[in-house]
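S.K.: Under our numbering, the sequence shown has 61 at position 40, and the numbering climbs by one with no breaks.
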Amino acid sequence: MKTINIYILLSFMFVSGIISAQNVEFKRGNFKDDIDGYKAATDAIDRGVPFFEEGSLAIFEVRPPGLAFKKALKNFEEAQAFNPDNALNNFRIGVCYIHSTSPYKAIPYLKKAYELDPECDPFLYYYYGNAMQLENEYDKALKAYQKFEDNYRKSDNFNKFVSMHKREVRAAKKFNNDPVRCWVDNVSAINSEYDEIAPAITTDGADIIFSSNRPNDHQPNEVGEYDHDIYSSYNDNGEWQKVKSIPGNVNSSLDDIVNNLSYDGTRMLLHKDNEGQTDIYETELKGAHWGAPEILPFQISSKKTNDMYASYSHDGYNITFARGNENNSKGTNIMFSGMQSKMQKNYGTASLISSVSSPFNDGPVYMHIDGKTMYIASQGHESIGGYDIFVSHRTQGSWSKPENMGYPINTPYDDFFFASTANGKFAYISSNRPGGAGGFDIYKVTFWGAPKQPIVDIEDYLLASVANPIKDPQIEDVVSINKVSLTVFKGKTIDALTNKPVEASIEITDNKSGQIIERFTTNSASGKFLLSLTAGKNYGIAVKADGYLFHSENFDIPDGSEYNLINKTIELKNIAVGSKIALRNIFFDVGKASLRSESNAELDRLVKLLKDVPSLKVEISGHTDNTGSASINNQLSQERAEAVVVYLKGKGIAANRLTAKGYGSTHPVASNKSAQGRQENRRTEFEIIEN
């Protein structure tokens, strides 16, 4: 009897399992006990279907679906709560989630629809393939795509999407078997349960700006979501600080999406979507606040197309961006427009960069500071699913075919936006891969560099060393990442006495040609500045502020130099008697008092100061290190001081305002025990002796 009962129980469980796996149609006869619930559920489906069709058409035409799928989802989920076992409704919910910022939520719904009735919709095999692709079940994905392709014979060219996904699956297999040497870590300190996208960083990686649709002071839209605002954080000793809305007049009730920060962090490109028209804007940091964004000229922000995802070029003359076509379908392509004059901001006609554009959506784009590397997010090319990040290199005036940056940077999910530090070792991306705080999160990519070459098998190494001992074996401890030949010079300008920030102008000169390369102003609220100097030049950097002595720096950066980061606080001195300044861009022939032509720019700045402040009387002093005899050093320093005085007099400065004095090695400013210290001691100074 006991055996019979167990048999009956098992039989009942088996039959129940079959029943629970059956597709339950939305038919009145299936819900005789709850007609009102049935009617409410079917009404919800009827409301959702037009939005579903609207979103599907947008995807087919390679354009954003807007809120269509979100509106459809809200209604389908209402019906799902009443009847969770309808294949078609599970399918539709899965499709809505596939096109959301959390596509991994689609997987259980599409699996269930497939189990209940794989024939419930002609597109189920296609989207089931999407789900398997997201789960890295690539063979199952290929099988599903092939099944869809075999049965879908319409002449609407949808098979181009199937072909794209099949290429993605094959590419994913290849890239997953050969992962990139990097870490990809969630930046949990700045992410939330909402979407965080569009990271933009300063070249030193110390400040980050991004967009998020976390709750703000604006009204949510009809599906309960807030618009994207722009937020910022800064890195203090390796830790990102509390996220804050950026100060100023940038954020609006529209979606404000960061595109790119200028390399010094004082200008920002962004785009806004206003009732279906997307345009690119620019804002500038003035003190502690960002100014109201201004729309870029029509060559970039055309009224006929949607324009977005802009990036500054390394020299500030070009802007590269993504543009849709005039009917806003068939995806976006990568364009660029060149500026004829930075002062007038007159741009030329935008041109297509055909070598990096695909038949699908291309962009965002990021131009690296080296001027020869472009990072592009794209749904096309050799993507492994969704948006992937690609790299293109400029050679002989042309951009190369984009190369997939590989796994784990790219996944079957959407991985896009890219912002790199100047040295190329770190980058920040946005991704909706599973495991994040919610939707899109910001991730940090840390590149390891090329692998070290193994020396030899340990056993062979030990045996060989007995016969032929190895002297002082060396193992390389520095791994080359992406070699970048530039120097990043950052810091702040402050009052030497009060330590308060000083707004100062910085002038960069090519000492060889005497040509001024660039002028800009340090931040009035913080005194901060950041600039990049490419290799191959001897730079003179003059820092000037009203009422202060000017400060100068010299950077001689030979071709092929390694990346270097210099962080310096520049103390500016008031024009008061006793103020003293070192002239770092005064150059003499070795062991002589002959001024070299590279000194002219520095000396002419001193001439200007003396002419601007006619009451100043100064002492020009020469200084040496302690190498050699004191008498020779004293004589050389005196002759060099006199050479400077002669130059100044030749420029119209009265002799009674100038005194030359050589101090030899008697006034060191650093230790003479190191080469660096001796270099600092070899200098020309001037001191205000009367004002």
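Positions of the beta carbon are idealized from the N, C-alpha and C atoms, including for glycine.
Given the structure is predicted, the values throughout are model-derived calculations rather than measurements.
Just to confirm my understanding: we take Asp498, look at its own chain, exclude 5 residues before and 5 after, and list those with CB closer than 7 Å. What are they?
M.R.: Note that Asp498 scores a pLDDT of 38, beneath 50, so its modelled location is shaky; the value from the coordinates is reported in the next line. Excluding residues within five positions, none has a Cβ falling inside 7 Å.
S.K.: Can you tell me whether Ser692 is buried or exposed, with buried defined as 16 or more other CB within 10 angstroms of its CB?
M.R.: Classification of Ser692: exposed, given that the 10 Å Cβ count is below 16.
S.K.: Compute the Euclidean distance between the alpha carbons of Pro241 and Lys95, then round it to the nearest angstrom.
M.R.: Roughly 15 Å separates the two Cα atoms.
S.K.: Pairs of beta-carbons, one from the stretch 426-438 and one from the stretch 208-217, closer than 8 Å: are there three or more?
M.R.: No, because fewer than three Cβ pairs between the stretch 426-438 and the stretch 208-217 fall closer than 8 Å, the two stretches do not touch.
S.K.: In the DSSP assignment, the beta strand (DSSP E) including Pro220 goes from what residue to what residue?
M.R.: Its beta strand (DSSP E) spans residues Glu217 to Ile222.
S.K.: Between the C-alpha atoms of Glu99 and Ala93, what's the straight-line distance to the nearest angstrom?
M.R.: Distance between the alpha carbons of Glu99 and Ala93 is about 10 Å.
S.K.: Tell me which residues share the same chain as Asn712 and place their Cβ nearer than 8 Å to its Cβ, disregarding the 5 neighbours each side in the sequence.
M.R.: Ile596, Ala597, Val598, Val634, Ser636, Leu637 and Lys638.
S.K.: Specify the secondary structure class of Leu1 as computed by DSSP and reduced to three states.
M.R.: The structure shown does not extend to residue 1, since the chain is modelled only from 22 to 712, so the question has no answer here.
S.K.: Compare the Cα-Cα distances from His572 to each of Val666, Ala563, Asp580 and Pro579 and report the closest residue.
M.R.: Looking at the Cα atoms, Ala563 is the closest of the given residues.
S.K.: Around the C-beta of Ser184, are 16 or more other C-beta atoms found within 10 angstroms, so that it is buried, or is it exposed?
M.R.: Ser184 comes out exposed.
S.K.: Can you find the residues in the same chain that come closer than 7 Å, C-beta to C-beta, to His310, ignoring five residues on each side of it along the sequence?
M.R.: Cβ within range, chain order: Pro268 and Gly269.
S.K.: Just verifying my parser: in three-state terms, what is the DSSP assignment at Cys141?
M.R.: The answer is coil: DSSP assigns Cys141 none of H, G, I, E or B.
S.K.: Could you name the residues of the same chain whose beta carbon sits closer than 6 Å to that of Arg699, not counting the 5 residues immediately before and after it, in chain order?
M.R.: So the qualifying residues of the chain are Asp646 and Asn693.
S.K.: If you follow the alpha helix (DSSP H) that Asn111 is in, where does it begin and where does it stop?
M.R.: Start and end: Ala108 to Ile119.
S.K.: Helix, strand or coil: how does DSSP classify Asn702 here?
M.R.: If DSSP states are grouped into helix, strand and coil, Asn702 belongs with the helices.
S.K.: Could you give the distance in angstroms between the alpha-carbon of Ile537 and the alpha-carbon of Phe707?
M.R.: Their backbone Cα atoms lie some 23 Å apart in a straight line.
S.K.: By Cβ distance, which residues of its chain are closer than 6 Å to Ile479, with the 5 residues on each side in sequence left out?
M.R.: Any reading at Ile479 must be qualified, since the residue scores a pLDDT of 40, below 50, and its modelled position is unreliable; the value itself is stated next. Cβ within range, chain order: n/a, list empty.
S.K.: Would you check if there are 3 or more beta carbon pairs closer than 8 Å linking the stretch 50-69 to the stretch 328-335?
M.R.: No: fewer than three Cβ pairs fall under 8 Å.
S.K.: Let me know the secondary structure DSSP gives Asn96 once reduced to three states.
M.R.: The answer is helix: DSSP assigns Asn96 an H, G or I state.
S.K.: Tell me the rounded alpha-carbon separation between Ala127 and Leu507.
M.R.: Their backbone Cα atoms lie some 46 Å apart in a straight line.
S.K.: Cα separation between Phe357 and Thr394?
M.R.: Roughly 14 Å separates the two Cα atoms.
S.K.: Could you spell out where the alpha helix (DSSP H) holding Val70 opens and where it closes?
M.R.: Run containing Val70: Ile56 to Phe81, per the alpha helix (DSSP H) assignment.
S.K.: With DSSP collapsed to three states, give me the class of Phe103.
M.R.: In the structure shown, Phe103 sits in a helix (DSSP, three-state: H, G or I).
S.K.: Who pairs with Lys293 in a beta bridge, going by DSSP?
M.R.: Looking at the DSSP assignment, Lys293 forms a beta bridge with Asp277 and Asp300.
S.K.: Label Asn354 either buried or exposed according to how many other C-beta atoms from any shown protein chain fall within 10 Å of its C-beta, with 16 as the threshold for buried.
M.R.: It counts as buried.
S.K.: Mind checking who His644 pairs with in its DSSP beta bridge?
M.R.: Per DSSP, Arg704.
S.K.: Between Asn258 and Asp462, is the Cβ-Cβ spacing less than 8 Å?
M.R.: Not in contact: Asn258 and Asp462 (Cβ atoms no closer than 8 Å).
S.K.: Looking only at its chain, what residues have a beta carbon closer than 6 Å to the beta carbon of Glu663, apart from the 5 residues adjacent to it on each side?
M.R.: Cβ within range, chain order: Ala681.
S.K.: Helix, strand or coil: which one does DSSP assign to Asn532?
M.R.: Asn532 falls in the coil class under three-state DSSP.
S.K.: Which residues does DSSP list as the beta-bridge partners of Ser573?
M.R.: In DSSP, Ser573 forms a bridge with Ala563.
S.K.: As a quick exercise: from Val271, Ala152, His120 and Gly384, pick the residue whose alpha carbon is nearest that of Lys12.
M.R.: The structure shown does not extend to residue 12, since the chain spans only 22 to 712, so no value can be given for it.
S.K.: Just checking my contact of Asp455 with Tyr166 at CB under 8 Å: how many whole Å lie between their CB atoms?
M.R.: Position check: residue 455 holds Pro in this sequence, whereas Asp was assumed. Not confirmed; about 22 Å, so no contact.
S.K.: Tell me which same chain residues have a C-beta within less than 6 Å of the C-beta of Leu483, skipping the five on either side of it?
M.R.: Confidence at Leu483 is low in this model, with a pLDDT of 39, below 50, so the placement of that residue should be treated as unreliable; the coordinate-derived value is given next. Cβ neighbours of Leu483 beyond the five flanking positions: none.
S.K.: On a Cα-Cα basis, can you pick out the residue from Tyr255, Asn575 and Lys293 that is closest to Gly286?
M.R.: Of the listed residues, the one whose Cα sits closest to Gly286 is Tyr255.
S.K.: For Ser451 and Phe438, I'd like the C-alpha separation in whole angstroms.
M.R.: Distance between the alpha carbons of Ser451 and Phe438: 6 Å.
S.K.: Hey, Thr224 and Ser547 are a contact pair by Cβ (cut 8 Å); roughly how many whole angstroms apart?
M.R.: About 17 Å; that fails the 8 Å criterion.
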